[in-house]
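Participant:
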Amino acid sequence: MVIKRAGVVKIIDRNSLFTNFKLFKLDELLQDSFKRVIVITILTVLFTFSVHAQDFIQKELMHDGIQREYMVYIPSIYDSSIKVPLVLNFHGFGTSNYSHYRYYSDMTNIADTANFILVYPQGAAGSDGYPHWNIESDYSKSDIDDLGFTSIMIDSLVNLFSIDTLRVYATGFSNGAFFTYDLGCRLADKIAVIAPVAGTMPQVSFDECDATKPTSVISFHGTADNDSPYNGIQGYNLSYDEINEFWSTFNETDIDAKITEINTNNEDGSSVELYSWENGINCSSVNHYKIIDGGHSWPNTGTQDSGKGNDGVNKDIDANNLIWNFMAQYNLHGRLNCNEVTNSDEEYNLKHYYNLKQNYPNPFNPNTLISFSLARNENVSLEVFNLQGRSVVKLIDESLHIGEHSVHFNARNLSSGVYFYKLSTPSFIKTKKMLLIK
6 MVIKRAGVVK
16 IIDRNSLFTN
26 FKLFKLDELL
36 QDSFKRVIVI
46 TILTVLFTFS
56 VHAQDFIQKE
66 LMHDGIQREY
76 MVYIPSIYDS
86 SIKVPLVLNF
96 HGFGTSNYSH
106 YRYYSDMTNI
116 ADTANFILVY
126 PQGAAGSDGY
136 PHWNIESDYS
146 KSDIDDLGFT
156 SIMIDSLVNL
166 FSIDTLRVYA
176 TGFSNGAFFT
186 YDLGCRLADK
196 IAVIAPVAGT
206 MPQVSFDECD
216 ATKPTSVISF
226 HGTADNDSPY
236 NGIQGYNLSY
246 DEINEFWSTF
256 NETDIDAKIT
266 EINTNNEDGS
276 SVELYSWENG
286 INCSSVNHYK
296 IIDGGHSWPN
306 TGTQDSGKGN
316 DGVNKDIDAN
326 NLIWNFMAQY
336 NLHGRLNCNE
346 VTNSDEEYNL
356 KHYYNLKQNY
366 PNPFNPNTLI
376 SFSLARNENV
386 SLEVFNLQGR
396 SVVKLIDESL
406 HIGEHSVHFN
416 ARNLSSGVYF
426 YKLSTPSFIK
436 TKKMLLIK
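What follows is the structure, given as structure tokens:
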């Protein structure tokens, strides 16, 4: 068990728990069989809790004037001479990191066998007093800098433990899933894979997504989720059709998804469809588990989803195992041992060619993604023009390397109408049309 005193972290082992338990005056409690049952039950709970609690370390850090907390689980096979992955697991709105670990996503057994450090951060209280993860927008519950906190927390963990900085992953539930999507957009330089559960992508994360690299995504969501509707909320959260389209397009995966039906449990009131988009840049991919009649829950947990959706939890799949098995395939550079990676410039050049893709989405309002590819390293200009042929913005004017590139265009200051975007290099010029509708 972890006890905090004046900023000092202390780990209490289970022996001290039993010593302190003498305060209960066992001799008096054991006078009758009923009290004997109570004592045995309490001892069992204390023993079970102590076995888990002694493996967690409670950490604190000060960020933006707020004392922040997070729980760290060190796997039993951890060796500081070996760099290991880091998994961040974010709780939902109004709950705590401990309750999220205890009732939704206990990944400690997987961490022990796969040898990764597991962290459950604690959200700060918002304007309504409930813990949350803040996605900066007009409807935020606070101005808390959770993005900055997460970035600094990662840096702190790297300093404390032997962590492979190329293999830092993020997952989360409900509001924690919202935040996980935001991390995929705004902290892509540190997060290799995102795994949102029972939460859709915030509109503001989509509008202002500034992902610097392809990011593989695995997600889980129930069609009967009443807390976070599968089809999104207009102006606040995207639907999953829109989310999957965005990430598969951004990663430049296969256009069509492979669909696999999964129904191994006929008593859970739900079934699963897996949508897989593969063969993206650096072998990136998007996997979405659509839980038909599934509610607001973490698949294969014991927690019931009472009053939200189907009053139950899907048992066809185990989200914890699927999440880790997916994460383990990737680092910041893409899939491990990806066939597209080569050290030969000549071979690399044969796999790339000049192309300017149609922006997505189109029509758009106000954000859209423009992607293109280069066959060699050279100076690049990407410029937007109105119908009169006047330049309204220059998105790129610099030297870029061979390969795939993407840029987000925000047209919030422009009026509705037809616009053209033009890619120019010394070897290639191409123009495409796009439509802004407000």
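Residue numbers (our numbering): 6 to 443. Backbone N, C-alpha and C define an ideal beta-carbon position, used for all residues, glycine too.
(1) Considering only their Cβ atoms, is the gap separating residue 219 from residue 256 smaller than 8 Å?
(2) Is DSSP giving residue 227 helix, strand or coil here?
(3) When DSSP labels each residue in this structure, what does residue 433 get in the three-state scheme?
(4) Can you tell which of 366, 305, 426 has the C-alpha that lies nearest to the C-alpha of residue 360?
(5) From 402, 166, 265, pick the residue whose C-alpha is nearest to that of residue 87; which is it?
(6) Which value, in whole angstroms, describes the spacing of the CA atoms of residue 302 and residue 402?
(7) In terms of residues, what are the limits of the beta strand (DSSP E) holding residue 374?
(8) Inspect the CB distances between the region 407-419 and the region 361-375 and report whether three or more fall short of 8 Å.
(9) Counting Cβ pairs, one atom from each stretch, are 3 or more of them under 8 Å apart for the region 171-183 and the region 329-343?
(10) Please report the straight-line C-alpha distance between residue 438 and residue 397, rounded to a whole angstrom.
(11) Can you give the Cα-Cα distance for residue 328 and residue 120, rounded to whole angstroms?
(12) Would you kindly report the start and end of the unbroken alpha helix (DSSP H) that includes residue 116?
(13) Which same chain residues end up closer than 6 Å to residue 386 when comparing Cβ atoms and leaving out the 5 residues on each side of it in sequence?
(14) Give every residue of the same chain whose Cβ lies closer than 7 Å to the Cβ of residue 452, excluding the five residues on either side of it in the sequence, and list them in chain order.
(15) Taking only heavy atoms of the ligand SAH into account, decide whether any of them is closer than 7 Å to the Cβ of residue 419.
(16) Should residue 378 go down as buried or exposed, given a rule of 16 or more other Cβ atoms within 10 Å for buried?
(17) In the region 178-259, which residue ranges form an unbroken beta strand (DSSP E) of at least 3 residues, counting only runs that do not cross its ends?
(18) If you draw a straight line from the alpha carbon of residue 217 to that of residue 194, how long is it in whole angstroms?
(19) For the beta strand (DSSP E) holding residue 401, just list the boundary residues, first then last.
(20) To the nearest angstrom, how far is the alpha carbon of residue 117 from that of residue 177?
Facilitator: Well, looking at it:
(1) yes
(2) strand
(3) strand
(4) 426
(5) 166
(6) 46 Å
(7) 372-379
(8) yes
(9) yes
(10) 14 Å
(11) 15 Å
(12) 113-119
(13) 402, 429
(14) Residue 452 falls outside the range modelled here, since the chain spans only 6 to 443, and no answer is possible.
(15) Annotation note on the ligand SAH: not contained in the displayed structure, which lists no ligands.
(16) buried
(17) 198-202, 221-227
(18) 7 Å
(19) 396-405
(20) 20 Å
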